[in-house]
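What follows is a short report on a single structure.
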Amino acid sequence: MKPIMKRSRQRDAILAYLHTRTDHPTAEMVHTALLETMPNISLGTVYRNLAQLAEYGIILRISCDGKVDHFDATTTSHPHFYCNACGCVEDITAPLPYNPINYVSAAFKGEITDCSIIYSGTCEHCTKQATG
Ligand SMILES: [Zn+2]
Ligand SMILES: [Zn+2]
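Number 121 in this note's numbering belongs to position 1 of the sequence shown; there are no gaps in the numbering.
Here's what the structure looks like:
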């Protein structure tokens with residue numbers, strides 16, 4: 121059992137901010153935004169709270185390139201797209217033809233509880249820039 125997570129003003133602010141975003145911000149982006157209302161909040165505090173919220177399943181942590189984590193307030197399993205050019209993360213909204221966990225579970229003896237799909241390539245914005 122995980123200990124009950126203590127609420128804090130900072131964590132509430134981080135979570136509230138994340139709920140207003142659909143662009144999967146990084147810890148640094150969250151930190152920059154929160155500095156406007158909480159000038160004393162450190163990047164370490166933001167990162168620690170984000171990591172903890174993700175651990176408790178309250179938010180989603182998306183590790184795309186193994187370097188920078190992105191965070192998402194939408195925790196229902198959904199596929200993501202990662203742009204190799206600018207590093208942005210977007211939701212893929214096309215409906216899947218099947219539930220990937222159910223599909224794979226039929227051929228797997230253990231219990232699969234989570235599935236993360238990350239597509240990568242070049243986002244719409246970068247594609248347009250490349251072609252002028
Ligand atoms: Zn891009
Ligand atoms: Zn997402």
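Glycine included, C-beta positions come from ideal geometry on N, C-alpha and C.
Asked: Spell out a yes or no on whether the region 172-182 and the region 154-163 are touching, meaning 3 or more CB-CB pairs, one atom from each, closer than 8 Å.; Found: no
Asked: Kindly list the residues whose CB is nearer than 7 Å to the CB of residue 148, restricted to its own chain and excluding five residues on each side of it in sequence; keep chain order.; Found: 163
Asked: Rounding to the nearest angstrom, what Cα-Cα distance links residue 208 and residue 217 in this structure?; Found: 25 Å
Asked: Thinking C-alpha only, which one of 213, 136, 177 and 210 is nearest residue 96?; Found: Outside the modelled stretch of the chain, which goes from 121 to 252, sits residue 96, for which no answer is possible.
Asked: Any heavy atom of ligand 1 closer than 7 Å to the beta-carbon of residue 245?; Found: yes
Asked: Taking only runs that begin and end inside the region 171-230, name each unbroken alpha helix (DSSP H) of 4 or more residues, in chain order.; Found: 220-225
Asked: Please list, in chain order, all residues of the same chain as residue 151 whose beta carbon is under 6 Å from its beta carbon, the five residues on each side excluded.; Found: 163 and 166
Asked: Measure the alpha-carbon distance for residue 140 versus residue 215 and round it to whole angstroms.; Found: 23 Å
Asked: Any idea which residues DSSP pairs residue 241 with across the strands?; Found: 203
Asked: Is it right to say residue 129 is buried, meaning 16 or more other beta carbons lie within 10 angstroms of its own, or is it exposed?; Found: exposed
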